[in-house]
Structures are given as structure tokens and as C-alpha cells.
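Presented below is the structure to which this report refers.
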Amino acid sequence: MTKLPTHNKKLIEWVEKMSRLCRPDKIIWIDGSETQKRQLEEESLATGEFIPLNQQNLPGCYLHRTAVDDVARTEHLTFICTKNKHDAGPTNNWMSPLAAYRKARGYFKDAMRGRNMYVIPFSMGPVGSAFSKIGVELTDSRYVVLNMMVMTRVGEAVLRQLEKDDHFTKCLHSKADLNINRRLILHFPEDNTIWSVGSGYGGNVLLGKKCLSLRIASFLARKERWFAEHMLIMGIEKPNGRVQYIAAAFPSACGKTNLAMLVPPEGLKRKGYRIWTVGDDIAWMRVDTDGSLWAINPEMGFFGVAPGTNSKTNPNMVETIKKDTIYTNVLLKPDGTVWWEGADGEIPENGIDWQGRPWKRGMLDANGKPVLGAHPNSRFTAPIVNCPSASFRLEQHHGVPISAIIFGGKRAHLTPLVCESFNWQHGVFVGATMGSELTAAQVGKIGQVRRDPMAMIPFCGYNMASYFRHWLEMGRKMPKAPKIFSVNWFRTDKNGRFLWPGFGENLRVLEWILDRCENKVGAIKTPIGYTPNIYDIDMTGISLQEEAMARLLEVNRHDWQEELKGVRSFFLQFKKDLPEELWQEYEELHARLKSNE
Ligand code: GTP
Ligand code: SPV
Ligand code: MN
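The numbering of the sequence shown is the working numbering, which starts it at 145 and goes up by one.
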């Protein structure tokens, strides 16, 4: 073996132990260099893991296709493995560490024969920041290595940091035989370990992302008194140069990426706003010495949803993914560029679909349904620095100060466009009772609500009752806590059409939120919180009927009473673990809805 690039005994021993289990032909340490990246790209093209794209139009871009049954996170195969089942809580799948290691060891055994094992030292957050956490991922997938090089800080600097402090998350991944019946995504928070086997899909295998930065990090965050959240972070700059930052949690595919890099709408141009994107998916937040909450984005790249991305919905993303981007499961056009449903320009006449089959415009399947060119969860992996609105504070070790926290979801009815919580405790209740509704797209299921507290239901690495308690406790130790708001861009009229134009226009709502943070604007007190006076949302440049605005802001007492039934049964599953404060908020809301307050 060549000279090892580290003296860290713990790391060397662990790599040896895992290689005895997986039996790779070779062990290759990833140094993060351009030369090594080039070589991996060349090899990926040779093996077919990467499909070449037109380098003139899309420099540094490649296409990858996953197995047909490996296109999204598999929540039913994702487990929290704590010694005590109770510590995983009623909303997580649980396995005992002993049983989980034993079962997965069977799948990992000899799984890397005939392949290389890559050792990827990576840092979530700027290397050396008090916020940051180091992980080392072992994988037999070049696709994983090349994605991790975009999504995280990889290589030499991380190894040097590990010489000073040998805490790191041990991440083991093997594609094995990509068999869904032998697939497991296992988290061992008590051992700071992640084992993922049998998948090649992003959220299952880029272990720095959901596995480390949310499931393991949320567990560490409670112990170390900080937050690891499924939130975007963005800055809003006024012409006087002052930037205010917000963090917002929406469930998967509910608009975080779009909001994080919005372009101010025409009608607000005169106000001279500028938007800065810090992150689109994950926020790590701490209370700083000034008593306020500060946040970093631990990632370095976007792993975003392709369908629907175009120059109207998200012009900044269209710019971002023109170079150095890995496309997964999109349509390949004859000219070597890519396409997806809802992309710019004409629908191509033909191409190769996400499954590698010839595709023609207007093609129907056996049931008469359109055959999609790109998978609905097709994605792109692109560096944040490519984004025209990338924040200049991405590398700052202490992050950015957060003025407001926003919770959102898709609700066709019920929740108003925007609403401010009465105080921190009430805000935690609002986050804990969040839901997202299936819309008219799912015939027969309209109105069905899935509870997704703080958009963390698939990502909280421990008992969610303790997670709520943690949120309540953090509020008590934060002298300058951000205000908490809820938003809903998805309220519809009786014909099922969105009442709110959304996308860039959402800035109008953020403006009200920031004004509320500075006590510059009044509000109406409703049973669920403070909502805007109808003329306090700046509508310059868009024509929205007054009654549409009234509908958007409406709080229907009867509907909210119905909603509380769902909240109650959600809360009941936590039994006596649920913090008393949340039941208290529940009772008070119940009373406010009944009285005429
Ligand atoms: P994950 O990466 O899965 O965590 O998703 P995300 O929360 O970042 O979602 P994303 O921004 O990719 O948006 C998903 C879908 O929501 C896309 O189809 C968007 O077109 C749609 N969307 C985003 N913002 C708005 C909005 O303001 N209004 C409406 N009507 N749709 C929106
Ligand atoms: C999500 O599902 O919330 C994502 C994509 O951001 S994945 O990384 O696959 O989890
Ligand atoms: Mn996400």
C-alpha cells in the first residue's frame, strides 16, 4: 500500500476493519484535487456510470441513471438504531444496534470485491468552524465520490483537521447488488455511525446530507444544545446595504430551493432588494454570545429537483446548472443536452428517457398515460458558488444571524398566506402541528393531511417528543429569539387554482415578515396568530382581486376546530413524553377558537 495520508490511528484502524468486511480490490484516499476528480470522471465515462453530455453547451456536466427501483429515499428501509426503542420514538423505524449490524454485515460481506473502496474525508460546514462536523465516507461508487465533492468540503484540509481532533462520523456505503430487498439505511447515533447498503440514490447514499446533517446531527444538536434543521437560509438586502436573514422549513418538494434564490418581482424592483442564497435544504443553528440565533448551511452544493425548473420559476438555478453539474435521471436529447418536464424551450421530439429507453414526444403507456422523459424526482447536483445569488458569507465560521424562522407546507385550504406566532412557545406548537396536504393532483385524496412537524418527520434522529422539548428549552435560553411565522403559498380557490402567484412574488410576504420583526407594521389578532391587514402586503405590479387576498388571509374557526382533531391524535402517540407546554397551547387554541376572541 502507498503511504497513508493520515496519522489518525482511529481512522486507519476503522478503514482497515471495514475493508476486511467488504473486501475491495483497492483502497483509494480522496484528496479533493482536480487531477483526481478528472480521473474519476474519465473512469466513470469508461464504465458507463456517467453518460457524456455536450461539453460545449454543458461544460463539466454529466448524466447518471439509477436503477428503476432506486429513484428516491426509501423511508421504510431507513432505521434509527438506538439501544432503547423508546429513544427512536413512535415516528421512526427502529432496530436494535446488534440486530441491525448483524443484518447489514451480511449484505456488506465481500460486497466490494472487484471494486475500489474510496475513502472520502469530508467536512459539513467550513473546516475548523465551531459549527462544523467531520465525516468519513467509505464507498464503492464513483458517482457518490463525485457528488460528495460537489455537496461537501472534501480532502486534505479535512484530514489535517482530523489530526487535531479525531471525532468523526463513520459512514459506510456500498451499492452491493442494488437490490431493494437487500437495502438498508441505518443510523447508529450512539456510535456516531451510518451504514447504507443496496442503494445508489442521493438521499440514501450521499451520507453527509440527510443521514449525517439531519438524523445524526439532530441527535448531537440536542446533546450539545443547538439545532440541525431541514431549512433553507436566505438573506434579503435593502438598498441601504443592510441584510436580514431568515430560515424556513418546508417538507420535501414544497419550495425551499425556489424560495432560497428567488428573483425580486418587477413590481418590487423600485425597492432595490437583493437576495443572497446561503442554503436550500439544511440549516445548523446556534445561540451566539450576543444572545441571537446564528446559522450556517453545512453543505456546498444543491441536490435539487429538476422537473419544473425553468427561467420563469427559478432563473438563478437555470444559471447554476449550466456547468459542473451532475444530472440524475433526466431525459437525454439527441444533441447531448438534457431536458425534463417543465424545462425551458420546446418539448424535444425525441430522446432517451431516464430509464435509458428511446422516447418520443406525446408517447403514451399501455394505460394511455404520458410516458415521462425525466423521473419526477430527477435531480441535479451543482456547486452553490455557481449560483448568481450565492451569499458572500458562505465561508463565514460563525454564520449569519437569523431574524425570523418560517414553517410552511402545502395546504389547499385552512392555513393563511402568512401568520405570526404569539411567542416562541406558540411558534413551537405551530411548527409541531405542521401538515402538508395532497392536492387535486391526487384524485379522491384531496384534503388528506400528513403531519410533518418542522418538516422533520423523515429526518429526526431521535424521539420527536424530546425534539419538541429541545425546541422549547432553546427558546428559554435565547435572549434574542427570532420570531416564528407560518406561510402557505398553496391555498386554492374553489376551482383548485392557486390563489397566490408564488415564486418571486413570495418576497412580498417576506417583506411583511421582516417589517413585523422590526415592529414597523401592524397586524390583526386571530385565534391562530397575527395576520396582515389586507393593504399591508405590497401588491404593486400584480393584480390580485381583493376577495382573493381576503381568501388568502382568512382564518376559518370551524376548519381549525376540525384540524385540531388531527393534531390531537398526532400528539397522543407520544403519550406522556409530549411536553406539557404543547398540550397547554392546544387547549388555549381550542378555547380561542370557541370564544369570540
Ligand atoms: P427538496 O429538495 O425535496 O427538499 O425540495 P424543496 O423544498 O427544495 O422544493 P423545490 O423548491 O424543489 O420545489 C418543489 C416544487 O414546488 C416545484 O414543483 C416548484 O415548482 C413548486 N413551487 C416552489 N415554490 C412555489 C410557489 O411559490 N408556488 C407554487 N405554486 N409552487 C411552488
Ligand atoms: C429531500 O427529499 O428532502 C431532498 C432530497 O432534499 S434527498 O437528498 O434525496 O433527501
Ligand atoms: Mn430536502
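Using N, Cα and C, we set each Cβ at its ideal position, and we do this for glycine too.
These figures come from a predicted structure and were not determined experimentally.
Separation of residue j from residue i, as counted between CA atoms
i	j	result
T670	G495	53 Å
S396	L696	23 Å
M268	E443	6 Å
P270	Q689	47 Å
V529	G445	8 Å
K147	D310	20 Å
A391	R430	13 Å
V387	M461	22 Å
L508	W727	51 Å
R414	Y674	28 Å
E742	K314	Outside the displayed range of the chain (145 to 741) lies residue 742, so it cannot be described from this structure.
Distance cut-off 8 Å: residue i Cβ against heavy atoms of the ligand SPV
i	result
G279	no
H519	no
G346	yes
L290	no
F371	no
L350	yes
When the options are compared against residue i, the one with the closest alpha-carbon
i	options	result
W339	D596, N521, K247	K247
M162	V298, E187, T337, R326	T337
D425	V699, T401, G416, Y417	T401
D432	C225, T222, M622	M622
E724	C661, H570, E655, A694	H570
F252	A427, R326, V298	R326
K456	W656, F647, R217	F647
K229	Y206, D682, R555, N607	N607
E564	V653, M292, H208, W370	V653
F536	G423, D596, W633, D468	G423
G272	T684, H541, R594	H541
E655	G640, S547, C205, F332	S547
N677	G685, V699, S687	V699
R366	A427, V572, I657, M618	M618
R594	L561, T559, K554	K554
N632	R620, N650, S713, P626	N650
H734	S362, D703, I324	D703
F634	L412, L658, M600, C398	C398
8 Å Cβ shell around residue i - same chain, five flanking residues per side excluded
i	result
A585	Confidence is the limiting factor: at A585 the pLDDT is only 40, short of 50, which leaves the residue's position unreliable, though a coordinate-based value still follows. So no residue of the chain qualifies.
G517	V474, L475, W483, W484, E485, P492, G495, D497, W498, W503
M145	Caution applies to M145, whose pLDDT of 44 falls short of 50 and renders its modelled position unreliable; the value that the coordinates give is listed next. I171.
V515	D497, W503, M507, L508, D509
Residue i beta carbon near the ligand GTP (any heavy atom closer than 8 Å)
i	result
K400	yes
P395	yes
G411	no
L403	yes
DSSP three-state assignment for residue i, whether helix, strand or coil
i	result
E281	strand
K467	coil
Y206	strand
Q540	coil
A190	helix
T457	coil
F312	coil
V572	helix
L306	helix
N494	strand
Q180	helix
G640	coil
S273	coil
K627	strand
Y679	helix
T433	coil
F634	coil
P333	helix
I390	strand
Contacting residues, own chain, Cβ-Cβ under 7 Å from residue i (five flanking each side not counted)
i	result
F711	Rather than Phe, the amino acid found at residue 711 in this sequence is Val. Correct list, in chain order: T577, Y730.
V215	Y345, N473, H519, N521
S533	M405, I419, W420, T421, N460
L616	Q569, V572, P723, E725
Any non-hydrogen atom of the ligand MN closer than 8 Å to residue i Cβ
i	result
H374	yes
K554	no
K354	yes
D596	no
Cutoff 9 Å: residue i Cβ touching any chain B Cβ
i	result
S340	Looking for chain B here will not work: only one protein chain is present.
Nonlocal neighbours in the same chain, by C-beta distance under 6 Å from residue i, ignoring five residues either side
i	result
F718	A609
V280	P265, F312
E219	P602
T583	Because T583 sits at a pLDDT of 44, beneath the cut-off of 50, its placement in the model cannot be relied upon, and the following sentence gives the value as read from the coordinates. For T583, where only same-chain residues beyond five positions count, the Cβ hits under 6 Å are A556.
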